[in-house]
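Start counting the sequence shown at 15; every next residue gets the next number (my numbering).
For reference, the structure is listed below as structure tokens.
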Amino acid sequence: MERVVRVVVVGGGYAGIIAANRLRTREDVQITVINPRPRFVERIRLHQLVAGSGSAAVEYAALLGAGIRLIVDEATVIDGVRRSVALKSGGNVAYDYLIYAVGSHGAAPAVPGAAEYAYDIAEFEHAEQLRDALAGADAAAPVTVVGAGPTGIETAAELAEQGRPVTLVCGGLLGPYLTTAARRSVARQLTTLGVTIVDGPDAKVTAVHPHSVVLADGRELPSPITVWTAGFGVPDLAARSGLSTDAVGRLLTDETLTSIDDPRILAAGDAAAPSGQPLRMSCQAAIPLGAHAAGTILSRLAESEPAAIDIAFIGQCISLGRKRATMQLAHFDDTARRAYLAGRFAATVKEAICKSTVWGLAREARKPGSYSAIKGGKRQQRIAAAMALADQQR
Ligand SMILES: Cc1cc2nc3c(=O)[nH]c(=O)nc-3n(C[C@H](O)[C@H](O)[C@H](O)COP(=O)(O)OP(=O)(O)OC[C@H]3O[C@@H](n4cnc5c(N)ncnc54)[C@H](O)[C@@H]3O)c2cc1C
């Protein structure tokens, strides 16, 4: 009888689901996904869940190909020697290959009071808590959103569009990724929605109280609801399992996405750090990384040489409520171009992008191998150039 190869995918997000579906191109692969929730979370719509302008959960039945086993549980330790994953509810799942795709969450804020009184939006349950808190608050109650990366901007805009009085405290620059012109476009649209933007070097929250926030310049803003979007963190499962990680906790891999410690473990998505040079937190990167991790396993099984990752970015598209957006176009290497799109057309593009991520996962479930990533990022050349520069400076 043909030997079955057991692949366990830890994490059923964008990277994990595309990887699991892609592995179905071989019939001798038995695929198991471990995820703590019974439904897929569309994290890119969590600000809509909060504002009541959309849902952010999709049934796995629509996204997982036939024969893929879903275990609703949390992985607590990966034992690379025994090749098994321990589950929170007890028991273990054995594997021949493991794909580490546990994603990311917000960073634990160090600012006094933030952990106690501010709401997070990076994970489904936190977004639900914020939605419920908003439902229980007066519609005129001021809301402060802290952090002006895409998550903070999208959240501020979505809540302002619902008529909430919102202040966005940028912690520095509004949309640091954006060019000056695209930043102005975001600022204009936020202002039209009624968002008060507090930016500049002193635009930092130094304390969060139950009904207010204190800024670095001493000002105290009324804020019965504070949303904390600044910072990035990842689950500590890799570090807890004795695997090498970068300083943030992302699993360190080579350019084929194979762990530097263990050829049977691969990583993809926000929780991966290929060559210690992680890509931007995005499903734009997570999906091609997931497909690539599956491809590396398929290459090994076919006894061929796995390819190095080659991922190209196209931009950063920030929704500003349901009718507006700014899409900063990017070079393939993820640096901003001069060009950007704005307004209603950009909003239509953004909605199409959001829909296409879920369609892409579902299509790969129906037709494994159908997904193809945009290539041309020339990552290897960039990494080689950076290393050569570092060598010269030594
Ligand atoms: C509000 C918001 C808006 C965003 N908008 C955009 C956007 O417009 N465009 C874009 O490209 N990106 C956007 N992002 C970022 C994007 O959502 C993430 O980069 C993306 O979800 C990463 O995909 P992933 O598969 O690596 O991880 P995730 O989608 O986070 O999936 C990881 C999964 O692993 C599970 N998991 C964690 N620990 C364990 C464990 N121990 N055992 C088992 N399972 C575990 C998690 O519960 C989760 O289901 C946004 C994020 C937020 C929060």
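Here a beta-carbon is modelled for each residue, glycine too, at the ideal position from N, C-alpha and C.
Note that this is a predicted model, so its numbers are computed, not measured.
Enumerate in chain order the residues of its own chain whose CB-to-CB distance from F138 is below 6 Å, with the five nearest sequence positions on each side excluded. Along the sequence shown, one-based indexing puts residue 138 at 124. Shown here for F138: same chain residues with a beta carbon closer than 6 Å to its own, the five before and five after excluded, namely V55 in chain order.
L266 beta carbon less than 7 Å from that of I274: Residue numbering aside, residue 274 sits at position 260 when the sequence shown is read from its first letter. Residue numbering aside, residue 266 sits at position 252 when the sequence shown is read from its first letter. By the CB criterion at 7 Å, I274 and L266 fall inside the cutoff.
How about V158 and S237: do their beta carbons lie closer than 7 Å? The sequence position of residue 158 within the sequence shown is 144, counting from 1. The sequence position of residue 237 within the sequence shown is 223, counting from 1. The amino acid occupying residue 158 in the given sequence is Thr; Val does not appear at that position. Yes. Within cutoff.
Closer than 6 Å to a non-hydrogen atom of ligand 1 - does that hold for the CB of Q342? Within the sequence shown, residue 342 is the residue found at index 328, counting from 1. Flag unset: Cβ of Q342 not near ligand 1.
Beta-carbon proximity list for M15, same chain, < 6 Å, skipping 5 on both sides: On the sequence shown, position 1 is the one that residue 15 refers to. Reliability fails at M15, whose pLDDT of 49 lies under 50, so the model's placement of it is uncertain and no value is given.
D284: beta carbon under 6 Å from a heavy atom of ligand 1? Numbered from 1 along the sequence shown, position 270 holds the residue referred to as residue 284. Ligand 1 approaches D284 closely enough that one of its heavy atoms is under 6 Å from the residue's Cβ.
Label P215 either buried or exposed according to how many other C-beta atoms from any shown protein chain fall within 10 Å of its C-beta, with 16 as the threshold for buried. On the sequence shown, position 201 is the one that residue 215 refers to. Exposed: under 16 other Cβ atoms inside 10 Å.
Measure the C-alpha to C-alpha separation of L315 and R20 and round it to an integer number of angstroms. Reading the sequence shown from its first residue, position 301 is the one you call residue 315. Reading the sequence shown from its first residue, position 6 is the one you call residue 20. Pairing L315 with R20, the inter-Cα distance amounts to about 12 Å.
Start and end residues, alpha helix (DSSP H) containing Y131: Within the sequence shown, numbered from 1, the residue matching residue 131 stands at position 117. Boundaries of the alpha helix (DSSP H) around Y131: 128 to 131.
Given that a residue counts as buried once 16 or more other Cβ atoms are within 10 Å of its Cβ, and exposed if not, what is Q406? The count along the sequence shown starts at 1 and reaches residue 406 at position 392. Per the 10 Å Cβ criterion, exposed.
N- and C-terminal bounds of the beta strand (DSSP E) containing F54: Mapped onto the sequence shown, residue 54 falls at position 40. Where F54 is concerned, the enclosing beta strand (DSSP E) stretches over 53 to 55.
Helix or strand or just coil, what does DSSP make of A171? By one-based count along the sequence shown, residue 171 stands at place 157. Residue state for A171 is assigned as helix, using DSSP reduced to three classes.
Tell me whether E319 is buried or exposed, calling it buried when 16 or more other Cβ atoms sit within 10 Å of its Cβ. Along the sequence shown, one-based indexing puts residue 319 at 305. Label assigned to E319: exposed.
Looking at the structure shown, is C331 part of a helix, part of a strand, or coil, going by DSSP? Start at 1 with the first residue of the sequence shown, and residue 331 comes out as number 317. The three-state reading of DSSP puts C331 in strand, counting E and B together.
Do you know how far the Cα of L293 is from the Cα of I388? Translated into the one-based positions of the sequence shown, residue 388 becomes position 374. Translated into the one-based positions of the sequence shown, residue 293 becomes position 279. About 15 Å.
Got a sec? Which residues, its chain only, sit under 6 Å from E175 by beta carbon, not counting five neighbours each side? By 1-based counting over the sequence shown, the position of residue 175 is 161. Here the set comprises L207, G335.
By DSSP, does T193 sit in helix, in strand, or in coil? The residue labelled residue 193 in the question sits at position 179 within the sequence shown. It is coil, neither helix nor strand.
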